[in-house]
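The sequence shown begins at 788 in the numbering used here and counts up by one.
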Amino acid sequence: MNPGDVLSYLEMCSQEGVNLQRGMNYQLRPGRNVILMSRRAGAPYEDRVEEDGKVLIYEGHDEPRRPGGPDPKLIDQPMATSNGVLTQNGLFFDAAGRAEKGREPEVVRVYEKLYPGIWVYNGVFRLTKAWRETSGPRKVFRFRLELVPDRDSPVANDVDLAHTRVIPSAVKLDVWRRDGGQCVLCGRRDNLHFDHDVPFSLGGSSLTAANIRLLCARHNLEKGDRIQ
Ligand SMILES: [Zn+2]
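Structure representation (structure tokens):
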């Protein structure tokens, strides 16, 4: 699996070996942290891509909505439950704190929902920093995630690194709509990948739809052979 790969919900769960139900999953199993992003219009959290696709700033999660309770958007995102048990915010916050004190940062795999049932693998990130900041009437968590070369990739090299940038969601959505959710070369609708038409190292920017297209796994591989 490489950053930019498109997956169904079931394929994503099968990659992780569990049914993913929550956005933040600290130590899903030892050494395996998973975050699910959703940056579509109307998505409940404000995540952003920075430093030309090298950094994600992920927003923490709200207090669950309770019948008769306050609007979760009006109260601080919780570090712990009323029983003092750390929430996912608290667990990731502590992990980032350990990294800031010099420990090896924990790694997090990040998936992003484009449409219901259509997910994109954004890659493996190091959790290097976390903080709380004021957002409107309340305080939210922010987590800094720095992209690292995917250790699962069998062909990690400079060419892959050039492709390893997170494409902003708005660009992914534009490309998906423009290409009709299919490989631009053969029309296949499975095993799709967001491909940098002009590699980043050759001046292609992640940030515009003009440099990104949808390719199936076969055409993506053929292209890789050509570059090497
Ligand atoms: Zn194709």
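Quick reminder that beta carbons are idealized off the backbone N, C-alpha and C, glycines included. Being a predicted model, the structure only gives us computed values, none of them experimental.
Residue range 956-965 is occupied by the alpha helix (DSSP H) that includes R964. In the three-state reduction of the DSSP assignment, K841 falls in the coil class. In this structure, L878 has its beta carbon at no less than 8 Å from each heavy atom of ligand 1. Here the alpha carbons of S795 and F880 stand approximately 29 Å from one another.
Per DSSP, the beta bridge partners of I999 are H983. A Cβ-Cβ distance of about 18 Å is found for the pair M824 and E920, leaving them out of contact under the 8 Å criterion.
Shortest gap from the CB of G974 to any heavy atom of ligand 1: under 8 Å. Counting only runs of 4+ residues, no alpha helix (DSSP H) is found wholly inside the stretch 883-948.
The DSSP-derived three-state label of D977 is coil. Y902 is classed as exposed because its beta carbon has fewer than 16 other beta carbons within 10 Å across all chains shown. Within 8 Å of the C-beta of H983 there is not a single heavy atom belonging to ligand 1. Around N978, the same chain offers C1003, A1004 as residues with beta carbons nearer than 6 Å, after the five sequence neighbours per side are excluded. Shortest Cα-Cα distance from L960 to any of K860, T995, L1008 involves T995. L932 is positioned such that its CB atom lies closer than 9 Å to that of I822. Set against 8 Å, the gap from the CB of R1000 to the closest heavy atom of ligand 1 is not smaller. Burial state of L1008 is exposed, judged by a 10 Å Cβ sphere holding fewer than 16 other Cβ atoms. D792 is bridged by DSSP to H980. If you check the C-beta of R965 against ligand 1, you find no heavy atom less than 8 Å away.
A straight line joining the alpha-carbon of P859 with that of C973 spans about 46 Å. With respect to the C-alpha of L815, the residue from S956, R1000, E893, K916 having the closest C-alpha is E893. No Cβ-Cβ contact shorter than 9 Å links F928 with L914. Of the other Cβ atoms in all chains shown, fewer than 16 fall within 10 Å of the Cβ of N806; this residue is therefore exposed.
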